[in-house]
Structure formats: structure tokens, C-alpha cells
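Peer 1: After the C-alpha cells below, expect a handful of questions from me.
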Amino acid sequence: MKGAESIENSVRSTTATACAKQPLYGLTLAELQRVCAELGMPRFAAGQIARWLYRRAVGSIGDMSDIALRHRAALEERYTLGVSAPVRVSTSTDGTKKYLYRTSEGAFIESAYIPDGDRATLCVSSQAGCRMGCRFCATGRLGLQHSLSTTDILNQIASLPERETLTNVVFMGMGEPLDNMDNVLRALEILTAEWGYGWSPTRITLSTAGVGRELRRFLDSSSVHLAISLHNPFHEERAEIMPIERAYPIAQIADLLREYDFTHQRRVSFEYIVMSGLNDSPRHIRELCRLLNGIKCRINLIRFHKIPDSPYFSPDAERMKAFRDALTARGIMTTIRASRGEDIKAACGLLSAEEAKD
Ligand code: SF4
Numbered sequence: 012m013k014g015a016e017s018i019e020n021s022v023r024s025t026t027a028t029a030c031a032k033q034p035l036y037g038l039t040l041a042e043l044q045r046v047c048a049e050l051g052m053p054r055f056a057a058g059q060i061a062r063w064l065y066r067r068a069v070g071s072i073g074d075m076s077d078i079a080l081r082h083r084a085a086l087e088e089r090y091t092l093g094v095s096a097p098v099r100v101s102t103s104t105d106g107t108k109k110y111l112y113r114t115s116e117g118a119f120i121e122s123a124y125i126p127d128g129d130r131a132t133l134c135v136s137s138q139a140g141c142r143m144g145c146r147f148c149a150t151g152r153l154g155l156q157h158s159l160s161t162t163d164i165l166n167q168i169a170s171l172p173e174r175e176t177l178t179n180v181v182f183m184g185m186g187e188p189l190d191n192m193d194n195v196l197r198a199l200e201i202l203t204a205e206w207g208y209g210w211s212p213t214r215i216t217l218s219t220a221g222v223g224r225e226l227r228r229f230l231d232s233s234s235v236h237l238a239i240s241l242h243n244p245f246h247e248e249r250a251e252i253m254p255i256e257r258a259y260p261i262a263q264i265a266d267l268l269r270e271y272d273f274t275h276q277r278r279v280s281f282e283y284i285v286m287s288g289l290n291d292s293p294r295h296i297r298e299l300c301r302l303l304n305g306i307k308c309r310i311n312l313i314r315f316h317k318i319p320d321s322p323y324f325s326p327d328a329e330r331m332k333a334f335r336d337a338l339t340a341r342g343i344m345t346t347i348r349a350s351r352g353e354d355i356k357a358a359c360g361l362l363s364a365e366e367a368k369d
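Take the sequence shown: its position 185, counting from 1, is numbered 196 in this note's numbering, and each next residue is one higher.
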């Protein structure tokens with residue numbers, strides 16, 4: 012038991028890595044067709060396997076009842092389902108749940124399940140740790156352990172006990188999604204394809220610190236919503252808290268976004284963690300308006316979650332409202348994101364850092 016956390020469950024440890032079989036979960040339809048060809052199965056069986064994996068949440072290969080017995084046996088010889096349960100879950104007093112998973116390479120990652128009225132959002136991780144080094148982020152302190160496979164990314168959805176209640180998925184957990192582009196794009200394909208989960212892309216948001224070289228590829232190959240971690244509109248000040256600014260300045264990211272249409276289905280938003288006295292002055296408001304001029308967007312303000320040994324401070328509610336109202340008055344739609352799960356360390360990276368120490 013760790014501190015005041017309410018640990019609801021301690022589920023079985025995931026030891027699938029001991030097995031040399033390959034996971035089926037996380038394979039695209041084209042890859043499943045190749046599996047079927049290798050095993051002498053009919054091509055249409057790939058669509059059946061995809062349905063069992065992504066629509067019916069099947070518990071084992073043996074339960075894929077519309078696939079011939081001999082083909083199921085051949086699949087079981089070489090493949091495993093690839094779904095593994097969380098190793099721990101903490102529940103906040105506000106209903107937010109933080110799940111901890113062991114990845115196929117033995118690291119720890121986190122997902123946050125956030126119910127809110129008739130919505131339920133899952134915040135998923137794309138990497139174990141992160142190499143972007145943002146100063147305000149617990150995950151950044153871990154450094155990059157490894158990028159997640161498509162299986163590990165989607166397992167956070169597949170093994171979620173509340174899977175059937177999910178309305179939205181956000182790639183805002185541990186890691187920089189655009190630093191694991193191939194696996195994230197495959198996960199997005201599986202989530203949105205008719206043969207996969209069949210979700211509308213409008214149910215999914217990918218959040219990035221702004222990896223410029225991959226951002227255009229992402230915008231051209233996917234139509235899910237985009238969120239940019241902004242946090243400061245001034246180059247030098249942003250570089251102080253987000254080293255990526257030195258490689259990909261936010262002004263260049265804004266120029267790139269002006270080339271795309273965010274007026275129809277796809278939306279872009281800017282995440283802005285408000286740190287008291289650091290990025291919430293009238294000067295910052297003026298520069299934000301100048302930077303985002305010509306981009307149809309919204310700003311989501313997030314109150315800084317204090318992390319251990321951090322020099323930054325959380326603003327009070329009044330200061331948050333004043334900042335929001337000033338931006339709204341200047342024509343930028345701005346909302347304050349409700350803080351959720353602070354009692355269970357909802358800022359990503361804190362649980363995994365503790366687990367890794369044990
Ligand atoms: S805020 Fe995001 S990009 Fe920055 S270190 Fe944390 S996980 Fe990485």
C-alpha cells in the first residue's frame with residue numbers, strides 16, 4: 012500500500028514475454044491476411060480474426076468459434092492473443108482510475124480512465140518514459156525506456172475493465188506519440204478502420220509537444236484531432252521548460268498548422284499548463300493571440316499539478332478564471348480543464364516512477 016492511495020485491486024502480473032509466441036492483438040488486417048496465408052487459412056479468416064480481436068474482445072484464440080478448429084490450433088501454436096491485464100489500479104475520490112501496466116519489455120506505463128457524465132475518456136501512453144525532458148513533467152524525468160509496440164498501446168484499451176463505456180481516447184499519457192510514429196499510426200488505423208474498432212476519428216485526440224518533422228506526416232495520414240502542448244508562447248521561455256522548442260520552435264509549428272483546415276471535422280487545440288507567475292501574465296496573453304492568429308483553435312488551460320521537487324507552483328482558481336476570461340475576450344475560445352484524480356497522482360509518470368523504484 013502506497014501512502015494515501017486507495018489501491019482497489021492487484022491483478023495478476025503479466026509474464027507473456029516469457030513466451031516466444033507473437034501477439035495477434037495489434038496486427039492490421041493486411042498483417043492478419045499474411046498470417047492466414049502462412050498458416051494455409053482462407054483469406055477471409057483475417058476479417059473474422061480482426062472482428063474477434065477488436066469488436067468482440069475475445070478471451071482466447073480457442074474461443075474464435077467461426078474459425079475451423081484446425082486453424083485455431085495452428086494459430087495457437089504460433090500466436091498468442093497479446094492482451095494482458097493491468098498490474099495495479101488506483102481509484103480517485105472523483106471516480107478517475109489510474110491503471111498501471113507492465114509492458115512486453117518489462118517497463119511500467121500508465122493509463123487514466125476519466126468518467127464524466129455521459130462521457131468516459133481513456134488517456135493512453137505511447138512510450139514507457141519519454142525523452143522530451145519537459146521540466147514540469149514526471150514522465151520526462153524518467154527518460155525514454157522504450158517506445159510501445161502497437162500491441163502495448165492498444166492493450167490499454169483492450170484490457171480496460173470499463174472498455175465498453177469508453178467514448179473517447181486521448182494520446183496524452185506517458186511519452187511523445189510522434190516519437191513513436193509508426194506504432195501510433197498503426198494503433199490509430201486499427202481504432203478507426205471498419206475492420207477494426209470502427210471508431211470515428213472525432214473520438215480520438217493525439218497530443219504532441221510538437222515534433223516538427225513528424226507532425227506533417229501525422230496530419231497527412233490521419234484525421235484524428237490534434238492537441239499541441241504549448242505552455243508558453245515565447246521562444247526562450249518555452250525552451251526553458253520544453254527543450255524541444257530549440258529543435259522545433261512553436262512559431263514554426265503554428266506556421267505549419269496554418270496550412271491545414273481545422274474548420275470542419277478535425278480540430279486543433281492547444282494545451283496550456285498554467286504555472287503561477289511563470290506563464291500567466293498579460294504579456295503572455297498578448298503573445299498567445301499573436302502566435303495563434305489565423306488558426307481556428309481552442310486553448311485548454313490546465314492547472315499545474317505539483318510534482319515532487321518542482322520549482323513551479325499551481326495558480327488559484329481566481330487566477331485561472333482571469334486568464335481564461337482575458338483570452339476569451341480576445342476571441343480565443345478558452346476553457347479550464349477540470350483537474351481530475353490529483354489524490355491518485357494523476358500527473359503521468361508518478362505511479363510508474365514509484366513502481367520502478369520498488
Ligand atoms: S509532457 Fe509529454 S512530451 Fe513532455 S516529457 Fe512529459 S510525456 Fe514527454
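Beta carbons are placed, not taken as given, at the ideal position from N, Cα and C, and that holds for glycine.
Tell me the DSSP secondary structure of F119 in three-state form.
Peer 2: As a first step, residue 119 must be located in the sequence shown, where it is residue number 108. Three-state DSSP puts F119 in a strand.
Peer 1: Ligand 1: which residues have Cβ under 5 Å from any of its heavy atoms, chain order?
Peer 2: Residues with a Cβ closer than 5 Å to any heavy atom of ligand 1, in chain order: C141, M143, C145, C148, T150, G151, E187, A220.
Peer 1: Is the CB-CB distance between G51 and L40 below 8 Å?
Peer 2: Numbered from 1 along the sequence shown, position 40 holds the residue referred to as residue 51. Numbered from 1 along the sequence shown, position 29 holds the residue referred to as residue 40. Not closer than 8 Å, so no.
Peer 1: Check whether the segment 196-211 and the segment 60-70 touch, using three or more Cβ-Cβ pairs below 8 Å as the test.
Peer 2: With a cut-off of 8 Å, the segment 60-70 and the segment 196-211 count as touching, because enough Cβ pairs lie within range.
Peer 1: When you compare each of I201, R227, L226 to I215 by their alpha carbons, which one comes out closest?
Peer 2: Along the sequence shown, read from residue 1 onward, the residue named residue 215 stands at position 204. Checked all of I201, R227, L226; the closest Cα to I215 is I201.
Peer 1: Looking at C-alpha atoms only, which residue of A131, G37, R54, Y36 is the closest neighbour of Q44?
Peer 2: Stepping through the sequence shown from its first residue, residue 44 is reached at position 33. It is R54.
Peer 1: Okay, do the segment 143-159 and the segment 98-112 touch, 3+ Cβ pairs below 8 Å being the bar?
Peer 2: Contact between the segment 143-159 and the segment 98-112 is absent, because fewer than three Cβ pairs lie under 8 Å.
Peer 1: Which whole-angstrom value is the C-beta distance of S103 and R351, which I expect to be below 8 Å?
Peer 2: Residue 103 sits at position 92 when you count from the first residue of the sequence shown. Residue 351 sits at position 340 when you count from the first residue of the sequence shown. About 7 Å; that satisfies the 8 Å criterion.
Peer 1: Going by Cα to Cα distance, which pick from I306, S71, L338, P244 is closest to R277?
Peer 2: Within the sequence shown, numbered from 1, the residue matching residue 277 stands at position 266. The option with the nearest alpha carbon to R277 is I306.
Peer 1: From what residue to what residue does the alpha helix (DSSP H) around K332 run?
Peer 2: The sequence position of residue 332 within the sequence shown is 321, counting from 1. Looking at the DSSP string, the run of the alpha helix (DSSP H) that includes K332 is 328-340.
Peer 1: Rounded to whole angstroms, what's the CA-CA distance from S17 to L312? Just pull it up for me.
Peer 2: As a working note, residue 17 is residue 6 in the sequence shown. As a working note, residue 312 is residue 301 in the sequence shown. For S17, the predicted model reports a pLDDT of 34, less than 50, meaning its position is unreliable; a value from the coordinates is still stated below. Approximately 28 Å between the Cα atoms of the pair.
Peer 1: Spatial neighbours of Q167 within its chain, please: CB distance less than 6 Å, with the 5 preceding and 5 following residues excluded, ordered by chain position.
Peer 2: Locating residue 167 in the sequence shown gives position 156, counting from the first residue. S122, V135, listed in sequence order.
Peer 1: So, at 7 Å on beta carbons, what are the nonlocal neighbours of I252 in its own chain, with the 5 sequence-adjacent residues on each side left out?
Peer 2: Your numbering for residue 252 matches position 241 in the sequence shown. Cβ neighbours of I252 beyond the five flanking positions: C145, R146, F147, H242, N243.
Peer 1: Looking at the unbroken beta strand (DSSP E) that takes in Y110, where does it start and where does it end?
Peer 2: Here residue 110 is taken as the residue at index 99 of the sequence shown, counted from 1. Where Y110 is concerned, the enclosing beta strand (DSSP E) stretches over 108-113.
Peer 1: Using a 10 Å radius around the Cβ and a threshold of 16 neighbouring Cβ atoms, would you call T346 buried or exposed?
Peer 2: As a first step, residue 346 must be located in the sequence shown, where it is residue number 335. Result: exposed.
Peer 1: Could you give the first and the last residue of the continuous beta strand (DSSP E) run that contains N311?
Peer 2: Within the sequence shown, numbered from 1, the residue matching residue 311 stands at position 300. Unbroken beta strand (DSSP E) run through N311: 309-314.
Peer 1: Note down the Cα distance separating A349 from T132, rounded to an integer number of angstroms.
Peer 2: In the sequence shown, the residue the question calls residue 349 occupies position 338. In the sequence shown, the residue the question calls residue 132 occupies position 121. One C-alpha to the other measures close to 13 Å.
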